[in-house]
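**Q** In full-length UniProt numbering, the protein residues as written are 1 to 400. Where a beta carbon is used, it is the ideal one built from N, C-alpha and C, also for glycine. The structure's right below; bear with me while I get my questions together.
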Amino acid sequence: MRIAGDARGAGAGSPLWLRGGYRLLFGCGALWAVVVVALWVGALGGRWTLPIAMDPLAWHQHEMLFGYLGAVIGGFVSAAMPNWTGRPTVTGWRVAAVGGLWLAARLAILFSATVPPLVGAALDTLYLLVLLAYAAREIVASGNRNKPILIILFLFATACALDHAAMMGALADPAFGVHMGFALVLLLIALIGGRITPAFTRNWLMRQGSSEGMPILPNRFDMAVIGTTALALAAWVADPASSVAAGLLIVAGGLQAIRLVRWAGLKALSDPLVFVLHLSYAWLPVGLILLGCATLHPLLPVSSAVHALGAGAMGAMTLAVMTRATRGHTGRPLEADRATVLIYILVHAGALLRVIAPLLPFDYMRVIAAAGGLWAAAFLLFLLVYVPMAVRPAPGAGAA
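Written out as structure tokens, the structure is:
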């Protein structure tokens, strides 16, 4: 699977920032990650009251999952689809319309104390359905093999709608939609991350002249691990307090750890752009095991496990993919400069601090604020460094 290499000349009549949805949506997702963390930490500390109709925690969870990650997923789909299918990149007013729909949903939900909540729910779900329709059209028209992605996108849109229903008091289990969406994103990481990480590592090692101890590319073992992970996450969504779900999560985490070891990540330690994929994926087995253990042992905080998967696996993997995809698609060298390495350090440091926060002998709120600051700083730095790459031609090259 490639996530680099736009078709040359695609959308030549459009502004550069509209030549591919990733150019717009990656920046939108990063910006929203910063905004949501800042607003949430301030609201949690009593500095301000959010203009929302729902519980602040429910808003925070929804916007991190369906807002920030919704934009990143949209950007990834727009970047990967032309490479998967060989079909032209979507450009121009269609990109602007999708970005506008995403933004309208974010604002409607943020100001839901004034805007009827049903408006935000409709806009939010519609954005995801548009992504689904685009991906379905491209995959079906090309006969591409990535049809399972369509199922996940459909279920993700369903989870979004269910979470809105829960926030409006129309669902018996208020956590079902967000748990379902959370599980689906983890499954996407297992699927997509589990394909690009060993593939990119293998390609890099071959360029270095290495021929021994190469990463093992996806095979039946990987399919079994993904199946076990899907089963464990489904059991957790159905009953988060179940000891059966907890056991399955621990088993899935162990299998994911074995899977990660098979990819020879330490051999790519000298290339941050490759190694960060391994480091980011490592949060998945760690988080699954922590979540299973926290379910079985009441002294282990569930919030730490959730943030290992959310701030860790999701946050770090999205930045790893966004930095690489932006460089590849805009004709920049696939090399991590100092700013990029700092982005990786900040996101992992913020995630780690958030995970261990309940265990530290310091004021909890200050630790939470520090963790959120580090994590958000990674996305802010992405905005400062990578958005200009997305909207300007590469030095010495024409626009892709």
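Could you check the C-alpha separation between Ala400 and Ser303 for me, to the nearest Å?
**A** By one-based count along the sequence shown, residue 400 stands at place 400. By one-based count along the sequence shown, residue 303 stands at place 303. Note that Ala400 has pLDDT 41, beneath the 50 cutoff, so the model's placement of it is unreliable and the number below is only indicative. Rounded to the nearest angstrom, the two C-alpha atoms are 42 Å apart.
**Q** Taking just the CA atoms, how far does Phe275 sit from Lys267?
**A** Taking the first residue of the sequence shown as 1, we reach residue 267 at position 267. Taking the first residue of the sequence shown as 1, we reach residue 275 at position 275. Roughly 8 Å between the two C-alpha positions.
**Q** Quick check on Arg324: buried or exposed, where buried means 16 or more other Cβ atoms within 10 Å of its Cβ?
**A** To locate residue 324, count along the sequence shown from 1; it is residue 324. Buried: at least 16 other Cβ atoms inside 10 Å.
**Q** Hey, would you say Val72 sits closer than 8 Å to Met322, going by beta carbons?
**A** Position 72 of the sequence shown, counted from the first residue, corresponds to residue 72. Position 322 of the sequence shown, counted from the first residue, corresponds to residue 322. Cβ atoms of Val72 and Met322: closer than 8 Å.
**Q** For Val347, which of Ala96, Met168, Ala320 has the nearest alpha-carbon?
**A** If you number the sequence shown from 1, residue 347 lands on position 347. Per the Cα distances, Ala320.
**Q** Would you give the residue range spanned by the alpha helix (DSSP H) that Ile124 belongs to?
**A** The sequence position of residue 124 within the sequence shown is 124, counting from 1. At residue 124 the sequence reads Asp, which differs from the Ile that was named. Element bounds for Asp124: 117-142.
**Q** On the criterion of 16 or more Cβ atoms from any shown chain inside 10 Å, does Thr125 qualify as buried, or is it exposed?
**A** Taking the sequence shown and counting its residues from 1, one reaches residue 125 at position 125. The residue is buried, with at least 16 neighbouring Cβ atoms inside 10 Å.
**Q** What is the residue span of the alpha helix (DSSP H) that His297 lies within?
**A** Indexing the sequence shown from 1 puts residue 297 at position 297. First-last for His297: undefined, no H or E at that position.
**Q** For Leu107, count neighbouring Cβ atoms within 10 angstroms of its own Cβ and tell me buried if that reaches 16, exposed if not.
**A** The residue you call residue 107 lines up with position 107 of the sequence shown. Label assigned to Leu107: exposed.
**Q** Below 8 Å between beta carbons: does that hold for Leu162 and Gly177?
**A** Here the question's residue 162 lines up with position 162 in the sequence shown. Here the question's residue 177 lines up with position 177 in the sequence shown. Yes; because the gap between Cβ atoms is below 8 Å, this pair is in contact.
**Q** Are the beta-carbon atoms belonging to Phe200 and Leu277 less than 8 Å from one another?
**A** By one-based count along the sequence shown, residue 200 stands at place 200. By one-based count along the sequence shown, residue 277 stands at place 277. Result yes, Cβ atoms of Phe200 and Leu277 sit closer than 8 Å.
**Q** Just curious, the alpha helix (DSSP H) that Phe26 is in, first and last residue?
**A** Taking the first residue of the sequence shown as 1, we reach residue 26 at position 26. 21-44 is the extent of the alpha helix (DSSP H) around Phe26.
**Q** Beta-carbon separation of Tyr22 and Ala97 under 8 Å?
**A** Against the sequence shown, residue 22 aligns to sequence position 22. Against the sequence shown, residue 97 aligns to sequence position 97. Contact flag unset, no.
**Q** Ends of the alpha helix (DSSP H) at Asn203?
**A** The residue you call residue 203 lines up with position 203 of the sequence shown. Per DSSP, Asn203 belongs to the alpha helix (DSSP H) from 194-207.
**Q** Here's a check: name, in chain order, each residue in its chain whose Cβ is nearer than 7 Å to the Cβ of Tyr68, leaving out the five neighbours to either side.
**A** Position 68 of the sequence shown, counting from 1, holds the residue named residue 68. Result list for Tyr68: Gly29, Trp32, Ala33, Val36, in chain order.
**Q** If you follow the alpha helix (DSSP H) that Ala53 is in, where does it begin and where does it stop?
**A** By 1-based counting over the sequence shown, the position of residue 53 is 53. Premise fails: Ala53 is in no alpha helix (DSSP H) and is neither H nor E.
**Q** At which residues does the alpha helix (DSSP H) containing Phe382 begin and terminate?
**A** Here residue 382 refers to the residue found at position 382 of the sequence shown. 364-391 is the extent of the alpha helix (DSSP H) around Phe382.
**Q** Could you tell me whether the stretch 334-348 touches the stretch 375-391, using the rule of 3 or more Cβ pairs below 8 Å?
**A** Contact holds: three or more Cβ-Cβ distances are below 8 Å.
**Q** Using alpha carbons as the reference points, say which of Asn203, His62, Ile368, Leu374 lies closest to Ala264.
**A** Position 264 of the sequence shown holds residue 264. Of the listed residues, the one whose Cα sits closest to Ala264 is Asn203.
**Q** Say whether the stretch 165-182 touches the stretch 191-200, bearing in mind that this needs 3 or more beta-carbon pairs closer than 8 Å, one atom from each stretch.
**A** The stretch 165-182 is not in contact with the stretch 191-200.
**Q** Closest to Leu296 by CA distance: which of Gly312, Phe26, Pro240, Gly328 is it?
**A** On the sequence shown, position 296 is the one that residue 296 refers to. Taking only the C-alpha atoms, the option nearest Leu296 is Pro240.
**Q** With distances taken between CB atoms, is the gap from Ala394 to Leu374 smaller than 8 Å?
**A** Stepping through the sequence shown from its first residue, residue 394 is reached at position 394. Stepping through the sequence shown from its first residue, residue 374 is reached at position 374. Not closer than 8 Å, so no.
**Q** Please state the DSSP three-state secondary structure of Arg145.
**A** As a working note, residue 145 is residue 145 in the sequence shown. Arg145: coil per DSSP, three-state reduction.
**Q** Once you ignore the five residues that flank Val391 on each side, which residues in its own chain have a CB closer than 6 Å to its CB?
**A** Here residue 391 is taken as the residue at index 391 of the sequence shown, counted from 1. Closer than 6 Å at Cβ, skipping near neighbours: Leu16, Trp17.
**Q** Does the Cβ-Cβ distance between Ala165 and Met180 come in under 8 Å?
**A** Locating residue 165 in the sequence shown gives position 165, counting from the first residue. Locating residue 180 in the sequence shown gives position 180, counting from the first residue. Contact: no.
**Q** Compute the beta-carbon to beta-carbon distance between Ala313 and Leu186, rounded to the nearest angstrom, for a pair I have assumed lies under 8 Å.
**A** Here residue 313 refers to the residue found at position 313 when the sequence shown is read from its first residue. Here residue 186 refers to the residue found at position 186 when the sequence shown is read from its first residue. Contact holds; Cβ gap of about 7 Å.
**Q** Work out the CA separation of Glu138 and residue 411 for me, nearest whole Å.
**A** Because the chain is modelled from 1 through 400, residue 411 falls outside the range shown and cannot be assessed.
**Q** So what's Arg87 in DSSP terms, helix, strand or just coil?
**A** Position 87 of the sequence shown, counted from the start, is the residue given in the question as residue 87. Arg87 falls in the coil class under three-state DSSP.
**Q** Please report the residue range of the alpha helix (DSSP H) in which Tyr344 lies.
**A** As a working mapping, residue 344 is identified with position 344 in the sequence shown. Taken as a continuous stretch (DSSP letters only), the alpha helix (DSSP H) holding Tyr344 covers 338-356.
**Q** Determine the closest residue to Gly86 out of Leu44, Pro361, Ser270, Ser142, with distance taken between C-alpha atoms.
**A** By 1-based counting over the sequence shown, the position of residue 86 is 86. The option with the nearest alpha carbon to Gly86 is Ser142.
**Q** Could you pull out every residue in the same chain whose Cβ sits closer than 8 Å to the Cβ of Pro51, ignoring the five residues on either side in sequence?
**A** Reading the sequence shown from its first residue, position 51 is the one you call residue 51. Cβ within range, chain order: Leu110, Phe111, Ser112, Ala113, Thr114.
**Q** Pull up the distance between the alpha-carbon of Met81 and that of Ala135, whole angstroms please.
**A** In the sequence shown, counting from the first residue as 1, residue 81 sits at position 81. In the sequence shown, counting from the first residue as 1, residue 135 sits at position 135. Distance between the alpha carbons of Met81 and Ala135 is about 7 Å.
**Q** Distance check for Ile250 and Leu300, CA to CA, integer angstroms please.
**A** Stepping through the sequence shown from its first residue, residue 300 is reached at position 300. Stepping through the sequence shown from its first residue, residue 250 is reached at position 250. Cα-Cα distance, rounded: 14 Å.
**Q** In three-state terms, what does DSSP make of Gly99?
**A** In the sequence shown, counting from the first residue as 1, residue 99 sits at position 99. Residue state, collapsed to three classes: helix.
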